[in-house]
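In what follows, a single structure is set out as structure tokens and then discussed.
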Amino acid sequence: MVKHIVLYTLKEGVEKESAVKLIASVLEPLVGQIPGLLKMEVRQAYQGLDYALYSEFESREALAAYAVHPLHLAAKEHFWHMLDKRFSADYDL
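Counting from 114, one number per residue, gives the positions in the sequence shown under the numbering used here.
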């Protein structure tokens, strides 16, 4: 199993609470639609970051496939323009 954690900041002027709700609404439903994606949580963060994404995948290969999956790419179109910075870490369980 692979755990995938991403921390984001939003561009200046983007309303944090509504942006995080939008992002969660398009990413969390991908569980069950993309093979190997086991869990997805998007939550508002604090202490200098705007939101956190936590997900679990069956394998590194499943994570790599998710990154280029058409449903994931389509979901990103809803919010990618609002993002400023991204920090990520993956680890095996």
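For each residue, glycine too, the CB sits at the ideal point set by N, CA and C.
It should be emphasised that the depicted structure is a prediction, and the values quoted were computed from it without experimental measurement.
Alpha carbon of residue i to alpha carbon of residue j, nearest angstrom
| i | j | result |
| --- | --- | --- |
| D203 | Y167 | 10 Å |
| V119 | M153 | 11 Å |
| L150 | D205 | 14 Å |
| L196 | P148 | 26 Å |
| D163 | E171 | 27 Å |
| E190 | P183 | 11 Å |
Residue burial classification, residue i (beta-carbon count within 10 angstroms, cutoff 16)
| i | result |
| --- | --- |
| Y121 | buried |
| H117 | buried |
| F192 | buried |
| A132 | buried |
Inter-residue CB distance, residue i and residue j (contact presumed, cutoff 8 Å)
| i | j | result |
| --- | --- | --- |
| Q160 | K129 | In fact, because the Cβ distance is near 13 Å, the residues do not count as touching under 8 Å. |
| H185 | L135 | Their Cβ separation, rounded to whole angstroms, is 15 Å, which puts H185 and L135 out of contact at 8 Å. |
Subject >> Three-pair Cβ contact test at 8 Å for the region 124–131 versus the region 172–179 >> reply: no
Subject >> Secondary structure, alpha helix (DSSP H): runs of 4+ residues fully inside the region 154–201 >> reply: 173–181 and 183–189
**OP:** Output the residue ranges of the beta strand (DSSP E) runs that lie fully inside the region 114–144 and measure 3 residues or longer, sorted by chain position.
**Re:** 115–123
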